[in-house]
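K.L.:
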Amino acid sequence: MGAMKRSPLVLVLLLFLCSSLALASYSYGEDGSGSGSGRPYHYGEESFRHWTRSRQGRFRVLERFTHELLEDAVGNYRVAELEAAPRAFLQPSHYDADEVMFVKEGEGVVALLYRGRRESFCVREGDVLVIPAGAVVYSANTHASRWFRVVMLLNPVSTTGRFEEFFPIGGESPESFFSVFSDDVLQAAFNTRREEWEQVFEKQSKGEITTASEEQIRELSRSCSRGSRGHGGGESMWDIKPSSLTGKRPSHSNSHGRHYEITGDDCPQLRALDIEVGLANITRGSMMAPSYSTHANKLVVVVEGSGHFEMACPHLSGGQSSSSQRRGRGHGGRECGGEEEEGEGREEQEGEHKSRGYKQVRSRIKVGSVMVIPPGHPTTLVAGDDKNLAVLCFGINARHDEKVFLAGSNSVLRQMDELAKALAFGAEREKVDRVIGAQTDAVFLRGPSSRRISSE
């Protein structure tokens with residue numbers, strides 16, 4: 001009987017405990033380190049929305065970058081992923097957005113109907129292809145057993161941050177956009193009766209992604225070309241061809257990782273969009289040296305492996321020393337640049353002293369994770385111990401961008417003259433030179449866990 005009387009109290013305590021755990025999980029993130037979820041700079045699988053999904057494949061789109069810290073810089077860009085089963089065929093359609101596609105896995109054929117001609121390209125893993133807004137595209141997975149997986153960056157040209165897909169041929173799903181035109185208009189445009197038109201344009205009932213026979217796949221592949229593999233996207237803006245990102249010589253390479261990139265100098269379509277594409281493959285247990293971009297906003301997509309990223313984000317420290325935030329302290333609270341920016345304005349108006357500090361943005365990352373890295377923000381990527389970490393990077397506003405490394409043999413700090421070192425560092429010159437010169441590798445370094453193991 002006494003136990004029954006106490007049960008409401010027990011329930012209240014349980015509810016309180018559950019609420020506390022939920023709040024702790026929200027505040028400290030999935031790794032429990034006090035590092036938070038990384039928002040608004042990190043997006044996980046839950047941030048994607050499926051536009052279509054079936055046994056033949058799926059197409060999903062990341063939510064918009066609407067946070068006040070991101071909207072002006074990358075708010076007009078969208079990240080999407082396409083997966084097509086073996087011998088899948090994707091219905092003809094066009095986007096009201098320019099598209100940069102990267103073949104993450106598999107092989108396929110991509111046909112473009114553009115500027116009065118048809119071009120068909122054979123694409124495979126590591127290829128980059130730029131598809132202009134309005135081009136009618138249809139594609140197929142040409143492999144008999146492997147999936148065809150693509151990562152896309154889309155730049156809408158109609159409505160900021162929003163794009164649509166338009167299907168000329170369809171039925172119930174997808175619906176043909178022609179179906180909303182009046183009978184008189186359709187009959188005049190096609191010079192045929194509405195009934196005949198419907199028997200052709202509205203008989204597709206298998207969905208946006210269907211399955212083709214082996215013979216049909218062979219026929220689709222027969223006319224496709226590789227283009228200029230490994231040598232950029234052609235000589236003119238309209239000479240659209242695939243470029244092999246991984247077929248190029250790495251811009252950086254050592255035992256800890258490799259980095260490939262395609263810039264506007266390699267591809268005129270990327271130059272017109274002011275975008276560059278990079279791929280970093282970080283060896284397991286290794287890391288990319290802390291660095292920042294001078295001009296480009298980076299949209300980074302994890303395509304293989306897992307690990308974590310860390311970024312230094314400036315904010316008003318509110319009198320708290322930045323050293324007290326080190327090693328996991330001071331990570332909680334407001335998002336970087338949130339209310340602190342308002343406080344900055346008040347302090348400037350009142351003429352008070354500002355104490356500039358930095359907040360650590362940190363999150364675990366895995367396949368499907370997307371990160372936004374603003375220019376000037378020092379960032380590092382660390383691969384897990386089980387397998388390599390591969391990240392695809394779209395650089396936006398990349399025309400004048402430069403990568404600045406802060407540690408390693410190519411560290412910008414090594415370029416300081418001796419007098420500047422004496423003035424800037426609060427330590428003896430010999431000790432300064434020893435610390436900033438101790439790392440002999442560049443760009444890709446031995447990671448924290450590997451270093452601990454080797455030092456034991």
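Anchor point for the sequence shown: position 98 equals 98 in full-length UniProt numbering, and the numbering is continuous, going up by one each time. Yeah, the Cβ is synthetic: ideal placement off N, Cα and C, and Gly gets one too. This one's a predicted model, so the numbers in the text were calculated from it and none came from an experiment.
#1: If you drop the 5 nearest sequence neighbours on each side, which residues of the same chain put their C-beta closer than 6 angstroms to that of E304?
#2: Assign L69 to one of three DSSP states: helix, strand, or coil.
#3: Tell me which same chain residues have a C-beta within less than 6 angstroms of the C-beta of V130, skipping the five on either side of it?
#4: Mapping DSSP to helix, strand and coil, what is E195?
#5: Could you check which residue in S145, S221, A280 and A442 has the C-alpha nearest to that of C122?
#6: Can you check which of these residues, V109, D274 and E165, is closest to residue 499 by C-alpha distance?
#7: Just mark A289 as buried or exposed, buried being the case when its beta carbon has 16 or more other beta carbons within 10 Å.
#8: If you draw a straight line from the C-alpha of E164 to the C-alpha of A97, how long is it?
#9: Answer with buried or exposed for V200, where buried requires no fewer than 16 other C-beta atoms within 10 angstroms of its C-beta.
#10: With V361 as the anchor, note down where its beta strand (DSSP E) starts and where it stops.
#11: C210 to S251, Cα distance in whole Å?
#12: Could you give the uninterrupted runs of the beta strand (DSSP E) lying entirely in the UniProt domain "Cupin type-1" (46-198), keeping only those of 3 residues or more?
#13: Would you kindly work out how many angstroms separate the C-alpha atoms of Y41 and V361, rounded to a whole number?
#14: Taking only three categories from DSSP, how would you classify residue 457?
#15: Is DSSP giving E208 helix, strand or coil here?
#16: In terms of residue numbering, what span does the beta strand (DSSP E) encompassing A390 cover?
#17: What whole-angstrom Cβ distance do P378 and T294 have, given they're in contact under 8 angstroms?
#18: With a threshold of 16 other CB atoms inside 10 Å of the CB of K104, please say whether the residue is buried or exposed.
#19: How do the segment 188-206 and the segment 127-147 stand: do at least 3 beta-carbon pairs fall below 8 angstroms, yes or no?
#20: Taking T246 as the reference, which of R49, N281, E195 and A383 has the closest Cα?
#21: Would V151 count as contacting chain D if we go by Cβ distances under 8 angstroms?
#22: Classify G447 as buried or exposed, calling it buried when 16 or more other Cβ atoms lie within 10 Å of its own Cβ.
#23: Give the single residue among E68, E46, D72 and T66 whose Cα lies nearest to the Cα of R60.
#24: Please list, in chain order, all residues of the same chain as L279 whose beta carbon is under 6 angstroms from its beta carbon, the five residues on each side excluded.
#25: Helix, strand or coil: which one does DSSP assign to V301?
#26: Under the three-state reduction of DSSP, which class applies to E215: helix, strand or coil?
#27: Have a look at the DSSP bridge pairing and note the partners of H295.
#28: Could you give the C-beta distance for Y77 and I396, rounded to a whole number, given that I count them as a contact under 8 angstroms?
#29: Return the first residue and the last residue of the alpha helix (DSSP H) that A272 is part of.
#30: DSSP beta-bridge partners for N254?
#31: If you drop the 5 nearest sequence neighbours on each side, which residues of the same chain put their C-beta closer than 7 angstroms to that of S179?
#32: Could you check what DSSP says for L406 in three-state terms: helix, strand or coil?
#33: If we call anything under 8 angstroms between Cβ atoms a contact, is I275 one with R87?
#34: List the residues that DSSP assigns as beta-bridge partners of E278.
#35: Below 8 angstroms on the Cβ atoms is my guess for R58 versus G106; work out the distance and round it to an integer in Å.
#36: Can the beta-carbon of M287 be found closer than 8 angstroms to that of V382?
P.N.:
Short version:
#1: Annotation for E304: A390 place their beta carbon closer than 6 angstroms to its own, counting only its chain and skipping 5 residues before and after.
#2: L69 carries a coil assignment under DSSP once its states are collapsed to helix, strand and coil.
#3: Hits under 6 angstroms: V100 and Q269.
#4: Looking at E195 - three-state DSSP - the assignment turns out to be helix.
#5: Taking only the C-alpha atoms, the option nearest C122 is S221.
#6: Nothing can be reported for residue 499: it is not among the residues displayed for the chain, which extend from 1 to 456.
#7: Around the C-beta of A289, 16 or more other C-beta atoms lie within 10 Å, and the residue is accordingly described as buried.
#8: In a straight line, the C-alpha of E164 is about 8 angstroms away from that of A97.
#9: Residue environment: V200 is assigned as exposed (fewer than 16 neighbouring CB atoms within 10 Å of its CB, all protein chains considered).
#10: Where V361 is concerned, the enclosing beta strand (DSSP E) stretches over R356 to K366.
#11: The amino acid at residue 210 is misidentified as Cys; the sequence shows Thr. Going from the Cα of T210 to the Cα of S251 covers about 40 angstroms.
#12: Within the UniProt domain "Cupin type-1" (46-198), the beta strand (DSSP E) runs of at least 3 residues that lie entirely inside it are, in chain order, 48-54, 57-62, 78-84, 88-95, 97-105, 107-114, 117-124, 127-131, 136-141 and 148-156.
#13: Rounded to whole angstroms, Y41 to V361 spans 8 angstroms at the Cα level.
#14: Any answer about residue 457 is impossible in this case: the structure gives the chain only from 1 up to 456.
#15: Looking at E208 - three-state DSSP - the assignment turns out to be coil, as it is neither helix nor strand.
#16: Taken as a continuous stretch (DSSP letters only), the beta strand (DSSP E) holding A390 covers L389 to I396.
#17: 12 angstroms between Cβ atoms; not a contact.
#18: Residue environment: K104 is assigned as buried (16 or more neighbouring CB atoms within 10 Å of its CB, all protein chains considered).
#19: Not touching, per the Cβ criterion.
#20: Closest option to T246, Cα to Cα, is N281.
#21: The chain inventory of the structure shown lacks chain D, comprising one protein chain alone.
#22: If you draw a 10 Å sphere on the C-beta of G447, you find 16 or more other C-beta atoms in it, and that means buried.
#23: Nearest Cα to R60 within the set E68, E46, D72 and T66: E46.
#24: The residues are L245, Y260 and L392.
#25: Strand at V301.
#26: E215: helix per DSSP, three-state reduction.
#27: Beta-bridge pairing links H295 to no other residue.
#28: Rounded to the nearest angstrom, the Cβ distance from Y77 to I396 is 6 angstroms, consistent with a contact under 8 angstroms.
#29: That run of the alpha helix (DSSP H) goes P268 to L273.
#30: For N254, DSSP records a beta bridge to G257.
#31: Excluding residues within five positions, the ones whose Cβ falls inside 7 angstroms are E202.
#32: L406 sits in coil when the DSSP states are folded into three classes, being neither helix nor strand.
#33: Going by C-beta atoms, I275 is not nearer than 8 angstroms to R87.
#34: According to the sequence displayed, residue 278 carries Gly and not Glu. DSSP lists E261 and C393 as partners of G278.
#35: No, R58 and G106 are not in contact; Cβ-Cβ is about 14 angstroms, not under 8 angstroms.
#36: Closer than 8 angstroms, so yes.
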